[in-house]
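Visitor:
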Amino acid sequence: MFKTPVSALVLIYTADLQVLIMERADKAGFWQSVTGSLEAGETPRQAAIREVLEETGLHAEQYELQDWQVANTYEIYPHWRHRYAPGVTSNVEHQFALMLPAALPITLAPDEHLQYAWVDWRLAAQRVFSWTNVDALKRLGERHQLSL
Numbered sequence: 008m009f010k011t012p013v014s015a016l017v018l019i020y021t022a023d024l025q026v027l028i029m030e031r032a033d034k035a036g037f038w039q040s041v042t043g044s045l046e047a048g049e050t051p052r053q054a055a056i057r058e059v060l061e062e063t064g065l066h067a068e069q070y071e072l073q074d075w076q077v078a079n080t081y082e083i084y085p086h087w088r089h090r091y092a093p094g095v096t097s098n099v100e101h102q103f104a105l106m107l108p109a110a111l112p113i114t115l116a117p118d119e120h121l122q123y124a125w126v127d128w129r130l131a132a133q134r135v136f137s138w139t140n141v142d143a144l145k146r147l148g149e150r151h152q153l154s155l
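According to this note's numbering, the sequence shown is numbered sequentially starting from 8.
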C-alpha cells in the first residue's frame with residue numbers, strides 16, 4: 008500500500024524553547040521532528056495526534072496542540088519515492104506544534120528512530136535535514152520573538 012503524499016509535522020517543545028529531535032532509523036544522521044503521512048480518512052490534526060503517540064509515546068491531547076495553519080509542499084527525496092504511488096514526487100506537509108511543561112522522557116518507535124535529544128530550537132534548526140522542519144523551527148522562534 009502506498010503512502011498518502013500529505014503529512015503532518017509536529018514540533019514538540021517546552022516554554023524555554025527546547026525542542027525534541029529524533030534520528031531516523033532508516034537514514035542515520037538524519038534528524039527530524041515528529042512527522043508522518045495521513046492515513047485513509049484522517050485529518051492532518053488526527054495524523055499529528057497519532058504520529059506523536061506512535062513516535063514518542065506522548066498523548067498530544069493532554070497538552071496544547073497548535074495547528075499553525077501552514078502547509079509546505081516539498082519534493083520527496085528520491086530514495087523514499089518508492090513508498091508512494093508511481094509518479095508521485097511531492098508531498099504537502101501541515102505544521103503543528105505541541106508545547107509540553109518540561110522536556111519529558113520519550114519512548115521511541117525503534118523501527119522509526121534510533122535516538123532522541125532535547126536541544127535549543129536554534130541547534131535543532133541546524134541539525135534537522137528537512138527545509139520544512141527548519142521553516143517550522145524558525146516560525147517557533149518568530150512566535151517567541153527570537154531570531155535565528
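Backbone N, C-alpha and C fix where the C-beta goes; we use that ideal spot for every residue, glycine too.
Could you compute how far the alpha carbon of Leu-155 sits from the alpha carbon of Arg-129?
Guide: In this predicted model, Leu-155 has a pLDDT of only 45, less than 50, meaning its place in the structure is not dependable; the value taken from the coordinates is given anyway. Near 6 Å, if we compare the C-alpha coordinates of Arg-129 and Leu-155.
Visitor: Using 8 Å as the cut-off, can you tell me whether the segment 136 to 151 makes contact with the segment 45 to 53, which would need three or more C-beta pairs spanning the two stretches below that distance?
Guide: no
Visitor: Just verifying my parser: in three-state terms, what is the DSSP assignment at Val-135?
Guide: strand
Visitor: One question on the structure: do Val-126 and Gln-25 come within less than 8 Å of each other, judged by their Cβ atoms?
Guide: yes
Visitor: Would you call the segment 22 to 41 in contact with the segment 102 to 117, where contact means no fewer than 3 C-beta pairs closer than 8 Å?
Guide: In short, these stretches touch, since the Cβ pair count reaches three.
Visitor: May I ask you to list the residues that DSSP assigns as paired with Gln-53?
Guide: Gln-53 is not bridged to any residue.
Visitor: According to DSSP, what are the bridge partners of Arg-6?
Guide: Coverage of the chain is limited to positions 8 through 155, which leaves residue 6 absent and any answer about it impossible.
Visitor: If we call anything under 8 Å between Cβ atoms a contact, is Thr-42 one with Leu-16?
Guide: yes
Visitor: Measuring straight from C-alpha to C-alpha, what distance separates Leu-65 and Thr-114?
Guide: 8 Å
Visitor: How would you call Trp-138, buried or exposed, if buried means at least 16 neighbouring beta carbons within 10 angstroms?
Guide: exposed
Visitor: Pick from Asn-79, Thr-80 and Ser-97: whose alpha carbon is nearest that of Trp-87?
Guide: Among Asn-79, Thr-80 and Ser-97, the Cα nearest to that of Trp-87 is on Ser-97.
Visitor: Only counting runs of 3 or more residues, tell me where the beta strand (DSSP E) segments fall wholly within the segment 79 to 111, in order along the chain.
Guide: 97 to 107
Visitor: In terms of residue numbering, what span does the beta strand (DSSP E) encompassing Tyr-20 cover?
Guide: 13 to 21
Visitor: Could you name the residues that DSSP lists as bridge partners for Ser-44?
Guide: Ser-14
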